[in-house]
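Going by the UniProt record's numbering, the sequence shown opens with residue 1, and the numbers climb by one from there.
Ideal Cβ placement from N, Cα and C applies to all residues, glycine included.
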Amino acid sequence: VMGDAANALVFNNRLTALVVDDCKLTRMVYMHNLVNLGVEVKEVKNGKQAVDLFQSGEVFDLVLMDLEMPIMNGAQATKMLREMGVGTKIIGVTAHSKGPEQDAFMEAGLDECHEKPLTLENLINILRDIDENL
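Right, dumping it as structure tokens:
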């Protein structure tokens, strides 16, 4: 199924993504899906590492941001990135169903919030949307 989905997809642009999650397995799954879709990917383990990458001048079309992480969580990192003027699409991915944590995460500056696991279909739609608006 993965192959078919990927073959049906041709993005006009070479898209880049940053995966921010403290769970190695989660990062591996997202990286695998993104790479199969032709996206250039980097991964970091917490919000601080994500902020550091942007501060060093890195640019991404998409950030997949976990909420609960050590050192700096997803909401704190998202808020900092927005305060730095980062306009990248930031998608929050969280284990919580709708609730105060998700509301606070959205208010920090997310474009969208999805429950884990982020499906391949959702990922494709997000990427297609970015590609069409670049």
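Determine the DSSP secondary structure at residue i, reduced to helix, strand or coil.
i: A17; result: strand
i: H96; result: coil
i: L118; result: coil
i: V41; result: strand
i: I124; result: helix
What are the boundary residues of the alpha helix (DSSP H) that residue i is part of?
i: K79; result: 74-83
i: M28; result: 24-36
i: residue 187; result: This structure does not reach residue 187, given that the chain is present from 1 up to 134, and the question cannot be answered.
So, residue i versus residue j, is the Cβ gap smaller than 9 Å?
i: I91; j: L118; result: yes
i: T78; j: L110; result: yes
Hey, how far is the Cα of residue i from the Cα of residue j?
i: V59; j: V44; result: 14 Å
i: K116; j: G57; result: 29 Å
i: V81; j: K48; result: Rather than Val, the amino acid found at residue 81 in this sequence is Leu. Looking at the two C-alpha atoms, the distance is approximately 10 Å.
i: F105; j: G74; result: 7 Å
i: N36; j: I71; result: 30 Å
Give me the Cβ distance between residue i and residue j, rounded to the nearest whole Å; I'm assuming they're in contact under 8 Å.
i: I130; j: L15; result: 6 Å
i: L64; j: V93; result: 6 Å
Would you give the residue range spanned by the beta strand (DSSP E) that residue i belongs to?
i: L64; result: 62-66
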